[in-house]
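For the sequence shown, the tail end lands on 473 under UniProt numbering, and the numbers increase by one without skipping. Where a beta carbon is used, it is the ideal one built from N, C-alpha and C, also for glycine.
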Amino acid sequence: MAQASSKSCCSVPGCSCNAQKQPYLSFHSFPANEEVRRKWVQAIRRDEGPTFSVKRGSTHVCNRHFTPDDYVLGITVPSLKPQSVPSLFLWNEYISKEKRELVYDRCQKQQSLTSVGDERKDILKKALKLDHDYATPPPAGKKSPLLKRLLEDSMNCIQDLEAKLKTALPTPASDDQIRFYTKFSSEQVFKIFWESIGPSASRLVYWSKAKRTSEGNSSNSPSHPRSMPLIDEFLIYCMRVAIGMKEQVIADMFQVSATTASRVTITWANYLFFILGTLRLWVSREKVRSIMPGKFKKYFILDCTEIAVAAPSSLTLQSETFSHYKNRTTLKGRIGVAPNGLLTFFSPLYTGSISDKELTKISGILPLLEAGDEVMADKGFVIEDLLSGVGAKLIIPPFKRLRVVVGRVIGLRIVVGRVIGLRIVVGRVIGRIKSNHIWDSPVPLTLMGTVSQIWHNCCVLVNFQGPLSFKED
């Protein structure tokens, strides 16, 4: 590629080099090869048209836009390689070398630097007369271990006080307050339960994060950071379920958003469902005989209860959840109680239209019964054939008309009274489950995906409310 004459100038935008002002530069004509020439035009970001055209011998690019690797050593001067393309420009942060200064300019600069140096010497002499240089910080002293420990203790105390301010319950809380807000029988029982689930709760993943992961949309995004202690999250769940507190009220009390209160409730409902699901509630017949009085050894009380739910928009779902007994949309569950009031069995929730017989069949109670067991149930439970299939016997409590007849016989009256007393026990256990005020109003559709977990947790935690006291007739 031929070098240009003294009248040549660089065609690169922003470059003002020309052979007349910078004779020490070399200017290269555009190559004859059409493909390489097109690469040159693209590299310098010019388009051929009315304002620019490549003319052999008059359109050039100076050597400032080529790297040393683009040249090959010649006999006299380096020459450009045939396939070389300019690559050093202002838009790719290339900075050209400074222009060669004239002798006159260098002399003027040297004189100005000399005068500036004299002025700086005078300023430094005046600065030395000052007592203190306030721009320079004083040297640091030695750190005192005592002060460091006091500072750490103060910071820990501040953190504890801030945590107590965020907690809704006073510290320490009374047994009545614990019983009201959480349904646990005492503060001691609450603490023991929390100490058993607290360590694993520290690795708890919020429901929203788990949902994104299950749908394959996690994209390694972090879960929402916790804005409160874990025990407060557990307390939010207890207050939402035990006293039926609305999410907005909880949000105002704990100074969080209603969305956070809802997310915490759903997360802890699923977490407790996972933890409490490992507990074994069913008591074998041998265990019952070893701990129960003789008159209670052979009875197992079975009943059914329903909880109201909001009517779904689907007519099919409305038909499936509609209960003719309650005359509204409900979910139904089977409950089993030992004679001492201990809840030993509960089924998942099913639609309200299911019959008692079908509910007994699919609830999972039949495989747990043994031959010779006596199951007490209401007269509406037509399940004698199902129980006889596993060797169990159905006992239906006598009603008022029968009690009048057998009341004349003292021995029978005592037996009937005991049977009726046992029938009352299951009603009181169900009352404990429904004392969680979340069941006072129909369960909203927003909790339908979690209602089974909440039901499961309420049933298991009934046994944490202390022994059921009742008087026998």
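*asked:* Suppose only complete runs of 4+ residues qualify. What are the alpha helix (DSSP H) ranges in the region 225-283, listed by chain order?
replied: Runs found: 230-242, 247-254 and 258-276.
*Tell me which same chain residues have a C-beta within less than 7 Å of the C-beta of A311, skipping the five on either side of it?*
Excluding positions up to five away in sequence, the list reads Q318 and T329.
_Beta carbon of R428 nearer than 7 Å to that of L468_ = Less than 7 Å divides the Cβ of R428 from the Cβ of L468.
*asked:* Quick check on this structure: which residue in I383, T351 and T344 has the alpha carbon closest to the alpha carbon of K357?
replied: The residue with the shortest Cα to Cα distance from K357 is I383.
*Are three or more beta carbon pairs between the region 236-247 and the region 177-186 nearer than 8 Å?*
Two segments are said to touch when three or more pairs of C-beta atoms, one from each, lie closer than 8 Å; by this definition the region 236-247 touches the region 177-186.
*Just the C-alpha distance for Q248 and L146, rounded to the nearest angstrom, thanks.*
Rounded to whole angstroms, the separation of the alpha carbons of L146 and Q248 is 46 Å.
*In whole angstroms, what separates the C-alpha of P367 from that of T321?*
The C-alpha of T321 is placed about 27 Å away from the C-alpha of P367.
*In this structure, what does DSSP give as the bridge partners for Y71?*
Beta-bridge pairing links Y71 to L80.
_C-alpha distance - V404 paired with A377, whole-angstrom precision_ = Reliability fails at V404, whose pLDDT of 43 lies under 50, so the model's placement of it is uncertain and the value that follows must be treated cautiously. In this structure, the alpha-carbon of V404 lies about 21 Å from that of A377.
*Near H456, which residues of its chain fall below 6 Å by C-beta distance, leaving aside the five closest residues on each side in sequence?*
Around H456, the same chain offers F273 as residues with beta carbons nearer than 6 Å, after the five sequence neighbours per side are excluded.
_Closest to N63 by C-alpha separation, out of D440, R46, S347 and S87, would be which residue?_
Cα-wise, what sits closest to N63 is S87.
_Span of the beta strand (DSSP E), counted from its first residue to its last, around S388_ = That residue, S388, is in no beta strand (DSSP E); its alpha helix (DSSP H) goes E384 to S388.
*Would you kindly check if the distance between the Cβ of Q465 and the Cβ of residue 531 is under 7 Å?*
Because the chain here runs from 1 to 473, residue 531 falls outside it and cannot be looked at.
*For T316, the three-state DSSP class (helix, strand or coil)*: T316 falls in the helix class under three-state DSSP.
*With 16 as the cutoff for other CB atoms within 10 Å, does L73 come out buried or exposed?*
Exposed.
*asked:* Between V426 and V337, how many whole angstroms is the CB-CB distance? I'm expecting something under 8 Å.
replied: Confirmed, about 5 Å.
*Take Y71 as the anchor and find which of G333, H28 and T446 has the nearest alpha-carbon.*
When only C-alpha atoms are compared, the closest one is H28.
*With a Cβ-Cβ cutoff of 7 Å, do I307 and L281 count as a contact?*
In this structure, L281 does not lie closer than 7 Å to I307 by Cβ.
*Measuring CA to CA, which of V451, T316 and K81 is closest to A32?*
Proximity to A32 across V451, T316 and K81 peaks at K81, based on C-alpha coordinates.
_Just list the residues that DSSP pairs G49 with in beta bridges._
DSSP lists no partner for G49.
*Decide if the region 187-206 is in contact with the region 436-448; the criterion is three or more beta carbon pairs, one per stretch, under 8 Å apart.*
With a cut-off of 8 Å on Cβ pairs, the region 187-206 is not in contact with the region 436-448, counting fewer than three such pairs.
*So, is I158 buried or exposed, given that buried needs 16 or more other C-beta atoms within 10 angstroms?*
Burial call: exposed.
*asked:* Quick check on Y181: does DSSP put it in helix, strand or coil?
replied: Helix, per DSSP.
*Which runs of the beta strand (DSSP E) fall wholly inside the region 306-385 and span at least 3 residues, in chain order?*
Counting only runs of 3 or more, we get 328-337, 343-346 and 374-376.
*Look at the alpha carbon of V375 and the alpha carbon of V390, and state the distance between them as a whole number of angstroms.*
Taking the straight line from one Cα to the other gives about 12 Å.
_Alpha-carbon to alpha-carbon, G372 and S262_ = Between S262 and G372, the C-alpha separation is close to 47 Å.
*asked:* For a quick check, are the C-beta atoms of V12 and V77 less than 7 Å apart?
replied: V77 sits away from V12, with the two beta carbons spaced by 7 Å or more.
*Take Q255 as the anchor and find which of A269, I236, N270 and Y206 has the nearest alpha-carbon.*
Minimum Cα distance to Q255 is reached at I236.
*Taking V460 and L279 to be in contact with their CB atoms under 8 Å, please state how far apart those CB atoms are, rounded to whole angstroms.*
6 Å between Cβ atoms; contact.
_Minimum Cβ-Cβ distance from Q177 to chain B less than 7 Å_ = The structure shown has no chain B; it contains just one protein chain.
*Given a threshold of 16 other Cβ atoms within 10 Å of its Cβ, counted over all protein chains shown, does R334 qualify as buried or as exposed?*
By the Cβ neighbour-count rule, R334 is buried, with 16 or more other Cβ atoms within 10 Å of its own.
*Going by the beta-carbon positions, is the gap between F52 and R45 smaller than 7 Å?*
No.
*Does DSSP classify L25 as helix, strand or coil?*
Looking at L25 - three-state DSSP - the assignment turns out to be coil, as it is neither helix nor strand.
*From the DSSP output, in three-state form, read off L394 for me.*
Three-state result, L394: strand.
*Determine the closest residue to T267 out of H324, S313 and S202, with distance taken between C-alpha atoms.*
Out of H324, S313 and S202, S202 has the C-alpha closest to the C-alpha of T267.
*Going straight from the alpha carbon of H65 to that of G49, what length do you get?*
Each residue's Cα considered, the two are about 23 Å apart.
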